[in-house]
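Colleague: Handing you this structure, nothing more for now.
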Amino acid sequence: MHSNLATRRVFLQKGLTLLAVAPTIPTFLDQTVMALTDPLDSKATQQASGKDGKILVVVQLSGGNDGLSTVIPYGDDRYYQARTSISHKPQEILKIDNYVGLHPNLAPIKAMYDAGDLAVVQGVGYPNPNRSHFRSMDIWQSAQPEREQASTGWLGRYFDNTCPGCDPHVGVSMGETLPLAMQGEKVFPLSFERPDSYRYNGHDKTHYLALNQADAAAAPSATPFAVAPKKIVNTEQTQLDFLHRTAMDAQLSSEEILRITRNHSATAQYPYNEFGNGLKTIAAMIAGGLPTRVYYVALGGFDTHAAQLQRHDILMKQLADGLSAFWKDLKTQNNADRVLVMTFSEFGRRVVQNASNGTDHGAAAPMFVMGSSIRQGLVGRHPSLSDLDQGDLKYLVDFRSVYATILQSWLDTPSKPILGDQFPLLPIVKA
Amino acid sequence: MSVLHPLLQPYMPTPDDPFDRIKAAHLLNRAGFGGTDEEVEKVQKLGPSDAVDWMMDFPDAPAEEQGTGQSPDMSSVSGSPQTFQEFARSLIGKSPDERKQSLMMFQQANREAELSLTKWWLDRMAFGPTQMQEKLTLFWHGHFTTSAKDERSSMLMWRQNELLRRYAAGNFEPFVRAISRDPAMLDYLNNAQNRKAHPNENYARELMELFTLGIGNYTEDDVKQAARAFTGWAHDGLDFVYHRSQHDDGIKTFLGRSGNFDGDDIISIILRQPVCPRFIAGELFKYLAYDDIDPDLSAALGNLLFGNRYELRPLLRTILTSRAFYSPQSIGVQIKSPLQLVVGTVRMLGLKMPPEQAVLSALNQMGQLPLMPPNVRGWPGGHMWINTSTLFIRYNTGVWLAGGDVPAITRINRKNTGGKPITNTKGDNVAFTPDDNGSPQQIVEQWINRLIQRPLDDQKKQVLIDALGNNPQNPDSQRRVVQLIMSMPEYQLC
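Quick note, the sequences are listed as chains E and H, same order.
If you want the working numbering, it's the position in the first sequence, counting the first as 1, plus 52.
If you want the working numbering, it's the position in the second sequence, counting the first as 1, plus 465.
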């Protein structure tokens, strides 16, 4: 452990404005900043976070991605019979074997597959599938299908279990609000649409900092990061201390994220959209050594009830271009080995297309798991196109098996306390 | 009844402990959404008892029955089907394309109506004649949680909102019976699907866990039995209906009693449990006063509610005039909810309500969208409002409300807009001029009194005086000070 003094010196060298006057250092920064500035000494922060730790990037495809147009069973006539006007021709499909292939616009992802960096888990779902966007998304995010009203997510419980009271940087979500998946009870991951919204945007920053400095100077001895004073009776002073501390943490954390993301210049060409921007920011945070374990980003617009072909083609291109740029960036940074990317959607879509050249809400669908530690290949069989449940594909792999595998084989943590049960592990991650 | 718990005895002003501006502002903050200078002065003059009478002077009636112009603009759904069931009937005989078109129009109309309902409620909170009724309506909205997220009919949400208003300070017994029959609730907690052959336990469980008893005061078997008693309670699209053929007429054993119970019998048994009044009164006390209640105080609050046969007004009046309410443990200790923060700021600065889409975007980022609580537990509140992300949003929202240009707040998320374009998202350009031309110290004191309403540390006061600069009378200088006050931990408390 480092003395406050040593940490203070680091802050002064790095020119972080606030710490220059703060008599105490928030505990998390004591650990975090040392890890950032002193890569050799990273042992103390390895468990939950750390520069050299493994990273999970979750990509949420919002709206219900049509699995049958993503991993396409082109070798099955029933696909062409069900999708009379919205199917893809066999010659366009990027074939994986003689039964399935990837969407024509997923060429960069097919290249990752060929390079050995992609596993495709087929037919993922859960029992009694729910076809409401909200409910099914809650189920995927909470990983608690039996709960009508879940209040924590699987990643939130991962943080709660591995590092209660931890630095909020362990989880970063690119978006206005924190997704249920990241919500826990003991750790409060960050969420922001872009780094410039995660900062004080008032006009008089000089006096704002002066007010914070007055708080810092008057602050009592260091308490762990923003630990809510639950056990003691609240008074105005304990509440103010809690708020002061959080404000100081927020200010330092914001400066750090802005500094990191500004310093990094991406080596890859990201698509100009929200998804591309999100991935670019994530790559910058990884490059800058933010001690984050889980990043979360979404690509929306998959609710293709009508005129699906054009819309879905664009989305596939956005997905592929974003992820391939991200992957190139990570390779250049030499960080690709540390990162595993997982995609999911709240459900797939109905097998038979509807009368509007679109598809309605369905059930099971494939997931991508990408990374250089991945065991390449198709995982499981493709669900039958004739043995259906109310017109939808029957799931063959419970999504919690994918989560369990990632938690145990990638994040090195027991999955049962997080998922409530031991789900069978899949052969996705290399030993 | 025995002697009232010392903490619940009325606070009596003394020369050492006068009913000052701090206490008057405290009452307005907790029983309402924060007071203007004039209101603080008025409450201080009235004194603690008459002030509560004044705040409680509202009829136990929905807004619609309180006078003209008391309804949201629901015109987007007028003429179109007003519920999903009715909508489904209207589709019969239509082609698939016509159905798709109708569905999109129906959903769009509902989104617009929900937005309009939210705007109407925000306006009532900020400018309505019955501050305390709205503050309590918000309490019950978080208690008997229902979310528009799962509820596709804006009309049902409006009706529920009015139901909460009617009973906000009424009697808890008819209130529970009415909410158990409320169509939006029947949908939200799936009692509409609770049938004899396939009981759905969702409502029965939350009725006990969150609405009346609290967890640990019933068994899993009680949940199953209560669910059977509520089978057949459904609605026809707008009104409660009882489907006799779906109701389970068998004998149920619930909390130690046996009989052919229906939902009303279950409610009667629940209300006779001593823990029920304790639970409800404790929740109200926490909302109005403070969180840390010991078992004695909890029992005293429960006795008070039970002794008054679940009438809420005597309990509310006792809490709001009590020593506990005016103790240091209570004043300035509550972390403002995002709605308290936004509505309070609008009130205390005398602003117009900014465009609702922008307000909702800010509220969403701070974690409190009205009509959309995150789950059936409602908003957890307290420290859960605050983390490193939301604290910035709160500061930035304050700056924006005080006339700042803060794109990160007003960058509208399209899901909140009902698809309408936003025009002016810059904060209200209110005139920031003080009542008199005082010294910089006096000007800063005035703003602190008006906005924080409690004393402030000298060093921070000096920073604000410095920020006022060389031109203290200039409205822009004053706006700067106001925006800085909005960006302080002190402003997050009330």
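Glycine included, every Cβ here is placed at the ideal spot set by N, Cα and C.
Quick one: using the 10 Å Cβ neighbour count with 16 as the cut-off for buried, is Asp444 (chain E) buried or exposed?
Modeller: The count along the first sequence starts at 1 and reaches residue 444 (chain E) at position 392. By the 10 Å Cβ count, Asp444 (chain E) comes out buried.
Colleague: Do you know how far the Cα of Arg486 (chain H) is from the Cα of Ser188 (chain E)?
Modeller: Within the first sequence, residue 188 (chain E) is the residue found at index 136, counting from 1. Within the second sequence, residue 486 (chain H) is the residue found at index 21, counting from 1. Rounded to whole angstroms, Ser188 (chain E) to Arg486 (chain H) spans 51 angstroms at the Cα level.
Colleague: Between which two residues does the alpha helix (DSSP H) holding Lys717 (chain H) run?
Modeller: The count along the second sequence starts at 1 and reaches residue 717 (chain H) at position 252. Unbroken run through Lys717 (chain H) is the beta strand (DSSP E), Lys717 to Phe719; no alpha helix (DSSP H).
Colleague: In this structure, what does DSSP give as the bridge partners for Gly698 (chain H)?
Modeller: For the purposes of this step, residue 698 (chain H) is identified with residue 233 of the second sequence, where counting begins at 1. It is Trp, not Gly, that sits at residue 698 (chain H) in the sequence shown. Answer is H:Tyr707, bridged to Trp698 (chain H).
Colleague: Quick one, are the C-beta atoms of Met597 (chain H) and Gly497 (chain H) less than 8 angstroms apart?
Modeller: Counting from one through the second sequence, the residue named residue 597 (chain H) turns up at place 132. Counting from one through the second sequence, the residue named residue 497 (chain H) turns up at place 32. For Met597 (chain H) and Gly497 (chain H), yes; Cβs fall inside 8 angstroms.
Colleague: Is there at least one Cβ from chain E nearer than 8 angstroms to Phe857 (chain H)'s Cβ?
Modeller: Against the second sequence, residue 857 (chain H) aligns to sequence position 392. For Phe857 (chain H), the answer is yes, since a Cβ of chain E falls inside 8 angstroms of its Cβ.
Colleague: Based on DSSP bridge pairs, tell me the residues matched to Gln112 (chain E).
Modeller: Sequence index remark: in the first sequence, residue 112 (chain E) carries index 60 (1-based). Answer is E:Ala350 and E:Phe396, bridged to Gln112 (chain E).
Colleague: What does DSSP give as the partner residues of Val173 (chain E) in its beta bridges?
Modeller: Looking up residue 173 (chain E) in the first sequence gives position 121. Looking at the DSSP output, Val173 (chain E) bridges to E:Met419 and E:Val431.
Colleague: Determine which residues of the segment 691–718 of chain H have a Cβ less than 9 angstroms from any Cβ of chain E, and write them out in chain order.
Modeller: none
Colleague: Please tell me whether His255 (chain E) has its Cβ less than 8 angstroms away from any Cβ of chain H.
Modeller: Locating residue 255 (chain E) in the first sequence gives position 203, where the first residue counts as 1. Closer than 8 angstroms: yes.
Colleague: For Tyr250 (chain E), go through chain H and note every residue whose CB falls closer than 7 angstroms to its CB, in chain order.
Modeller: As a position in the first sequence, residue 250 (chain E) is number 198, starting the count at 1. Within 7 angstroms Cβ-Cβ: Ser854 and Phe857.
Colleague: Check Gly208 (chain E) in the structure and name its three-state DSSP category.
Modeller: Indexing the first sequence from 1 puts residue 208 (chain E) at position 156. Three-state result, Gly208 (chain E): helix.
Colleague: Excluding sequence positions up to five away, which residues of its chain have a Cβ less than 6 angstroms from the Cβ of Tyr132 (chain E)?
Modeller: Within the first sequence, residue 132 (chain E) is the residue found at index 80, counting from 1. When the five nearest sequence neighbours on each side are left out, the beta carbons in the same chain lying within less than 6 angstroms of the beta carbon of Tyr132 (chain E) are those of Ser139, in order along the chain.
Colleague: For the segment 795–814 of chain H, list every residue whose C-beta sits within 9 angstroms of some C-beta in chain E, in sequence order.
Modeller: Ile796, Gly797, Val798, Gln799 and Ile800
Colleague: Please determine if the segment 212–223 of chain E and the segment 443–458 of chain E are in contact, where contact requires at least 3 C-beta pairs separated by less than 8 angstroms.
Modeller: No, they do not touch.
Colleague: Could you check the C-alpha separation between Asn173 (chain E) and Gln370 (chain E) for me, to the nearest Å?
Modeller: Start at 1 with the first residue of the first sequence, and residue 173 (chain E) comes out as number 121. Start at 1 with the first residue of the first sequence, and residue 370 (chain E) comes out as number 318. Note that residue 173 (chain E) is Val in the sequence shown, not Asn. Rounded to the nearest angstrom, the two C-alpha atoms are 21 angstroms apart.
Colleague: What does DSSP give as the partner residues of Val481 (chain E) in its beta bridges?
Modeller: One-based indexing of the first sequence puts residue 481 (chain E) at position 429. DSSP output for Val481 (chain E) lists E:Ile426 as bridge partner(s).
Colleague: Using the beta-carbon count (16 or more within 10 Å), is Ala100 (chain E) buried or exposed?
Modeller: As a working mapping, residue 100 (chain E) is identified with position 48 in the first sequence. With a pLDDT of 41 at Ala100 (chain E), under the threshold of 50, the predicted position of this residue should be treated as unreliable, though the coordinate-derived value follows. Buried is the call here.
Colleague: In chain H, which residues lie less than 7 angstroms from Leu295 (chain E) when you measure between Cβ atoms?
Modeller: Start at 1 with the first residue of the first sequence, and residue 295 (chain E) comes out as number 243. Within 7 angstroms Cβ-Cβ: Ile851, Pro954 and Gln957.
Colleague: Counting only Cβ pairs nearer than 8 angstroms, list the residues of chain H close to Asp301 (chain E).
Modeller: Numbered from its first residue, the first sequence carries residue 301 (chain E) at position 249. Here the neighbours are Thr853.
Colleague: Name, in chain order, the residues that DSSP records as bridge partners for Ser567 (chain H).
Modeller: Locating residue 567 (chain H) in the second sequence gives position 102, counting from the first residue. Note: Ser567 (chain H) sits in no beta bridge, so no partner.
Colleague: Please state whether DSSP places Ser723 (chain H) in a helix, a strand or coil.
Modeller: To locate residue 723 (chain H), count along the second sequence from 1; it is residue 258. Looking at Ser723 (chain H) - three-state DSSP - the assignment turns out to be strand.
Colleague: Would you mind reading off the limits of the alpha helix (DSSP H) that contains Phe186 (chain E)?
Modeller: As a position in the first sequence, residue 186 (chain E) is number 134, starting the count at 1. First-last of the alpha helix (DSSP H) with Phe186 (chain E): His185 to Ser194.
Colleague: Going along the chain, which residues of its own chain have a beta-carbon closer than 7 angstroms to the beta-carbon of Val864 (chain H), five neighbours each way excluded?
Modeller: Within the second sequence, the letter at position 399 stands for residue 864 (chain H). Around Val864 (chain H): Val871, Gln948, Met951 and Ser952.
Colleague: Just checking, does the segment 504–514 of chain H make contact with the segment 487–494 of chain H on the three C-beta pairs under 8 angstroms criterion?
Modeller: yes
Colleague: Going by the DSSP bridge assignment, what does Phe240 (chain E) pair with across the sheet?
Modeller: As a first step, residue 240 (chain E) must be located in the first sequence, where it is residue number 188. DSSP, once it has assigned bridges, lists no residue as partnering Phe240 (chain E).
Colleague: Is the separation between the beta-carbon of Asn659 (chain H) and that of Phe609 (chain H) shorter than 8 angstroms?
Modeller: What you label residue 659 (chain H) is simply residue 194 of the second sequence in a count that begins at 1. What you label residue 609 (chain H) is simply residue 144 of the second sequence in a count that begins at 1. In this structure, Phe609 (chain H) does not lie closer than 8 angstroms to Asn659 (chain H) by Cβ.
Colleague: So if DSSP puts Val391 (chain E) in a beta bridge, which residue, or which two residues, is it bridged to?
Modeller: Looking up residue 391 (chain E) in the first sequence gives position 339. The partner list for Val391 (chain E) (beta bridge, DSSP) reads E:Ile107.
Colleague: Find the residues of chain H that neighbour His357 (chain E), judging by a C-beta separation of less than 8 angstroms, and give them in chain order.
Modeller: On the first sequence, position 305 is the one that residue 357 (chain E) refers to. Listed by position along chain H, the residues whose Cβ is nearer than 8 angstroms to that of His357 (chain E) are Lys565.
Colleague: Quick one: is Gly500 (chain H) buried, meaning 16 or more other Cβ sit within 10 Å of its Cβ, or exposed?
Modeller: The sequence position of residue 500 (chain H) within the second sequence is 35, counting from 1. Result: buried.
Colleague: Between Gly472 (chain E) and chain H, is any beta-carbon pair separated by less than 8 angstroms?
Modeller: Here residue 472 (chain E) refers to the residue found at position 420 of the first sequence. Chain H contact via Cβ: absent.
Colleague: Contact check, Val807 (chain H) vs Ala827 (chain H) under 8 angstroms by CB: the rounded distance?
Modeller: By one-based count along the second sequence, residue 807 (chain H) stands at place 342. By one-based count along the second sequence, residue 827 (chain H) stands at place 362. Indeed, because the Cβ distance is near 7 angstroms, the residues count as touching under 8 angstroms.
Colleague: Going along the chain, which residues of its own chain have a beta-carbon closer than 7 angstroms to the beta-carbon of Val73 (chain E), five neighbours each way excluded?
Modeller: Here the question's residue 73 (chain E) lines up with position 21 in the first sequence. Low per-residue confidence applies at Val73 (chain E): pLDDT is 40, beneath 50, and the placement is therefore not dependable, though the value from the model is reported in the following sentence. So the qualifying residues of the chain are Gln265, Ala268 and Ala269.
Colleague: By how many angstroms is the C-alpha of Met164 (chain E) removed from the C-alpha of Asn315 (chain E)?
Modeller: In the first sequence, counting from the first residue as 1, residue 315 (chain E) sits at position 263. In the first sequence, counting from the first residue as 1, residue 164 (chain E) sits at position 112. Looking at the two C-alpha atoms, the distance is approximately 28 angstroms.
Colleague: Just the Cα atoms here: how many angstroms apart are Asn667 (chain H) and Thr319 (chain E)?
Modeller: Stepping through the second sequence from its first residue, residue 667 (chain H) is reached at position 202. Stepping through the first sequence from its first residue, residue 319 (chain E) is reached at position 267. Inter-residue distance for Asn667 (chain H) and Thr319 (chain E) is about 52 angstroms (C-alpha atoms, whole angstroms).
Colleague: Is there a Cβ of chain E sitting closer than 8 angstroms to that of Leu580 (chain H), yes or no?
Modeller: Position 115 of the second sequence holds residue 580 (chain H). With 8 angstroms as the cut-off, Leu580 (chain H) does not count as an interface residue toward chain E.
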